[in-house]
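What follows is a set of notes on a single structure, which appears directly below.
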Amino acid sequence: MRLYLAGFKSFAAPTEILLPDARVAIVGPNGCGKSNLIDAIRWVLGESSARQLRGQALDDVIFAGSGQRPPASLAVVELTFDNSERRLSGAFAAFDHIMIRRSLGRDGQSRYEINQIRVRRRDVVELFLGTGVGARSYSVIEQGQINRIVDARPEELRGYLEETAGISLYRERRRETETRIAQTQDNLSRLADLAEELGRQQSQLERQAKAAERYRVLQQQRRRLLAEQAAVQHVLAERARAVIFDAWQAADTHAQTLATQLATLEQTLAAAEQTRQTAQQHLQHVQAQQYPIAAERAQCEGHLGALAARLDSVVQQRQDDLVQRERLATAITQQQREHTQWEAARSALEQQRQALQEARADAQSELRAADVRLSEIRDAWRQAHEQLAQPQQHWAAARAEHAALDRQRQRLEASPPTVAASAHEIAALQQHALALESQLTQVNSDQAAVEAALHTQQADLAEQEVQGAAIQARAQVAQKTWDTLQAELKGLEQLLTHQPAHKSGTKTPAAESPFEPLIERLASARADAWWGHALGARIEAQCVDDLDVLGAEWVRAGSLPPSGFWVSPLTLPEEGPEAPHQSHELPAAVLSDAALTPWLTDWQHSRHPATSITEALAARHRLPLGHCFVLADGWQVGRHWLGRVAHDQAAIRLAQHARLNALHTECAAAEHRAHAEQAVLAQQQAELSAARQRLAELNRSLRDHEQHALRLQSQRADARRKYQHLVQIQAEQHASAAQRRDELARLAAECAELGRAMQVFAQAVDEATHTRDQLNTQQQAAEAAVQTLRRLAGEAAQHTQAAERAGDLNRHQIAQAQQFLARDQAQLAQIDARMTQFGDKIDALVAQKTERQAEHARILLKQEAIAIQEASALSEVAQHTEYLQKKQAERQTTQFAYSQAQRTAQTAAMQHAQAEVRSEHTEQALTEALMPLQDDRVTLDSA
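Numbering (our numbering), first residue to last: 1225 to 2167.
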């Protein structure tokens, strides 16, 4: 059992107290609220006495406020019982939990509710009759009540015993029966009073009956007077009918006359209309003639404008040509003046050039003479130099030969030790060559092994690169797939976040609810669109475990959500109520997730799947009331109806949620695949890097071995060459050793002879040196004279070349000026020719303009004539139109008079008919009025 208080006495804040056992004692210090809890239980069970609740008025139970809290406006107490054993009876016996709620506002109005259903206080009291639970029952024992029971009088003690034995229920029913009997007796007393009252009214009714008899006699007299009045009215009506008939005949005659006049006017109007049409046709003909003339006039104006534009253009071009002609004439005059100046400068330069050429010829003759003298001096110097060089050469050769002989003698003397050293060197070279051969063999074997490993590693590297490319392609595909799914997932999540839950756009509180939406469970179970069509807006329901708990929370909150659905699973106890009726003859929708069935049973049992509209229409007669078939495309078929929602948002949102769940799964799988592929790719790249590094190391090792082998081969070849060279040298040394010993004696004799020759050569050298010095002095003087002459010849040549260049420049400028002059004269001739042509064109254009203006004047005259004809035709049309309007006005007047006459005739005919009807009514009324008189006469005669 649970007790909830809010705003009741000292419980200002919402307070919830659980009472777990059948017997609960409330203890505590004074003033802690024990009595207030007892008062709350008694108050919610229906206590209506303020004195029993220790107060002066019922609103004393509302929290009155304190220094820290404001007064409450509402007192609420809820008491929840466990009824799983079905101890209670009545309308609420089927509920597992019974929640009694009582609220009281400041207006003094109490509100009772049982399981959120509005009830009366009597319903609350009757619910607990015979159970021992009540506002003043023994089940609630307050402080001091034990003493009151012990000290109770027999009557009070009997009440406690009857309540304990369950007799109070029957006593209450007896009291209610006695109350109903007393009410019945009161009703019988009231009926007796009514009978007495009706007896008193009987005499009054008799007096009213006598008055009614007198009324009947007066009514007969009235009918007789009415008959007389009707006879008089009949006579008057006959006279009025005769007068109206005469008036109708006169109106008919007048209408015929007006009809004749109307026919005449219509004929006149037709003739006037024909005349107007003729005038209108004439006007159209005149306008048709005017249109070509206006077009021709516009064309002429266009030609005149074009001619004027061309004339202006020609005049402007002529003015431009005149300006250009003046500019060219000025340029020609300027060029002629410059040409005269260039001719004078050319003459002066020509004279200067001739003088320079003469000076150049003189200088060249002197230069040739100087060259001859210089050549003679050079020949003499060369001869002297040769004479001096020959003894020097002989002396140097002898001296060199002497030195060579000394060196050869010394070498020959030192030959035996050199030969011995060569023999030792040859032995060392043989040993070094053998060592190089063994090293080269080892290097070649190592190089072969390295090359084999290199080829193997290259093959492995190529295979790994192919595998790496394939893995990278798969990784890129996986990454691209994951990116695509992620983009679709974000877009769908954004769409579902901003999309309203219902078509109307009203967001339900489910968006902030802690419960899981039903649509999420359906999407997780991969439900198809059929469930969206079948459930509709209820697909947005929130799944709660207990609706009672949810309702209690709403009650405590004091407000309900504006909209939404909440659903709890259907529980079927062993002896509880049966599940909703499901026809075994009709198909039922099945979900792959059986755990969802309890959540959908309450809504699903009236919806049946169908494969086609034909099948649904054929089987609709077997549907129970309230059931229908639902198709996958949204069509629904009931027993007497069918239809389809234009835009089923439930099915769309279910598909979106299903796609969202699928995207989550696919994204996770794609991300896992992408990570796996990335890991494999990273591993493959690491292996590839390691393989490339090993390949690079093998390449370096191979290059090192190759270089080492080349070095060894080079060393071996050098050793072989050196060995062969040493062997050859050794043989040559052994062969020439004897020859050198023979030459030593010969060289000694030659050295003595060369010494004597060297002394003779030294004397000849001294003489030749003196002669050479004299010739050098003469040569230097001759070269200085030649240099002076050459300098003078160069200056003369420079002056000549400058004069020639100036003459060439003047000739070029004169030729260019002559070309410019010829070109300007040609342009001037062209301008004159163009001006002549432009003058001819201007004359022709002026003539054309004169012709166009004359033609334009003729067109204007023709247009004026046509305008006069058009004005005449328009005036004629206006006259005919005015005449036609006048005739139409007369026709309308005649028609109005004719219609007026017809209305008068119709009115007269109607009045005549009404007079006949009144006459008939008068005759009938007279007959009816005479019938009572005849009856009275017959009665009198019989009397």
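Positions of the beta carbon are idealized from the N, C-alpha and C atoms, including for glycine. Remember, predicted model here, so these are calculated numbers, not experimental data.
Distance CB(residue i)-CB(residue j) smaller than 8 Å
{"i": "S1234", "j": "N1260", "result": "yes"}
{"i": "N1339", "j": "F1352", "result": "no"}
{"i": "Q1681", "j": "L1922", "result": "yes"}
{"i": "L1269", "j": "G1329", "result": "no"}
{"i": "H1527", "j": "R2076", "result": "yes"}
{"i": "L1926", "j": "V1667", "result": "no"}
{"i": "E1302", "j": "V1779", "result": "yes"}
{"i": "I1695", "j": "E1901", "result": "yes"}
{"i": "V1285", "j": "I1324", "result": "no"}
{"i": "Q1909", "j": "G1692", "result": "yes"}
{"i": "D1227", "j": "A1264", "result": "Correcting the residue identity first, residue 1227 is Leu in this sequence and not Asp. In this structure, A1264 lies closer than 8 Å to L1227 by Cβ."}
{"i": "L1660", "j": "L1936", "result": "yes"}
{"i": "L1546", "j": "Q2072", "result": "no"}
{"i": "L1919", "j": "L1685", "result": "yes"}
{"i": "R1310", "j": "A1317", "result": "yes"}
{"i": "R1844", "j": "G1858", "result": "no"}
{"i": "L1312", "j": "T1355", "result": "yes"}
{"i": "A1933", "j": "L1678", "result": "no"}
{"i": "V1374", "j": "I1262", "result": "no"}
{"i": "M1225", "j": "D1283", "result": "no"}
{"i": "T2128", "j": "A1466", "result": "no"}
{"i": "L1489", "j": "E2114", "result": "yes"}
Strand pairing of residue i, partner residues [DSSP]
{"i": "A1230", "result": "V1300"}
{"i": "C1852", "result": "R1831 and G1862"}
{"i": "I1286", "result": "F1232"}
{"i": "G1241", "result": "Residue identity check: residue 1241 is Ile in the sequence provided, not Gly. Paired residue(s): L1227."}
{"i": "C1256", "result": "According to DSSP, C1256 bridges with nothing at all."}
{"i": "P1741", "result": "Q1766"}
{"i": "W1706", "result": "W1706 pairs with nothing; no bridge assigned."}
{"i": "W1790", "result": "Q1766"}
Neighbour-count burial assignment, residue i, 16 or more Cβ in a 10 Å radius
{"i": "S1308", "result": "exposed"}
{"i": "A2078", "result": "exposed"}
{"i": "P1216", "result": "There is simply no residue 1216 to check, as the chain begins at 1225 and stops at 2167 in what is shown."}
{"i": "R2015", "result": "exposed"}
{"i": "V1854", "result": "buried"}
{"i": "I1322", "result": "buried"}
{"i": "R1266", "result": "buried"}
{"i": "I1468", "result": "buried"}
{"i": "P1724", "result": "The predicted model places P1724 with a pLDDT of 48, which falls under 50 and marks its position as unreliable; any figure quoted below should be read in that light. Exposed: under 16 other Cβ atoms inside 10 Å."}
{"i": "L1422", "result": "exposed"}
{"i": "P1244", "result": "exposed"}
{"i": "P1833", "result": "buried"}
{"i": "H1929", "result": "buried"}
{"i": "Y1336", "result": "buried"}
{"i": "L1418", "result": "exposed"}
{"i": "V1768", "result": "buried"}
{"i": "T1304", "result": "buried"}
{"i": "L1784", "result": "exposed"}
{"i": "Q1480", "result": "exposed"}
{"i": "S1669", "result": "exposed"}
{"i": "R1561", "result": "exposed"}
Closer than 7 Å: residue i CB and nearest the ligand FMN heavy atom
{"i": "L1493", "result": "No copy of the ligand FMN appears in this structure; indeed no ligand is present at all."}
Interface flag, residue i vs chain B, CB-CB below 8 Å
{"i": "A1315", "result": "Structure shown: chain B not included; a single protein chain is present."}
Counting only runs of 4+ residues fully inside the segment 1377–1401, write out the alpha helix (DSSP H) ranges in chain order.
-> 1378–1389
Which ranges would you report for the beta strand (DSSP E) in the segment 1288–1313 if only whole runs of at least 3 residues count?
-> 1298–1306
Touch test, the segment 2073–2084 against the segment 1516–1525, Cβ-Cβ under 8 Å, three pairs minimum | yes
Decide if the segment 1701–1711 is in contact with the segment 1885–1894; the criterion is three or more beta carbon pairs, one per stretch, under 8 Å apart.
-> yes
Would you check if there are 3 or more beta carbon pairs closer than 8 Å linking the segment 1294–1307 to the segment 1228–1243?
-> yes
Completely contained beta strand (DSSP E) runs for the segment 1493–1565, where each covers 3 or more residues = The segment 1493–1565 contains no whole beta strand (DSSP E) run of 3 or more residues.
Runs of beta strand (DSSP E) wholly within the segment 1309–1375 (minimum 3 residues, chain order) = 1321–1329, 1334–1338 and 1341–1343
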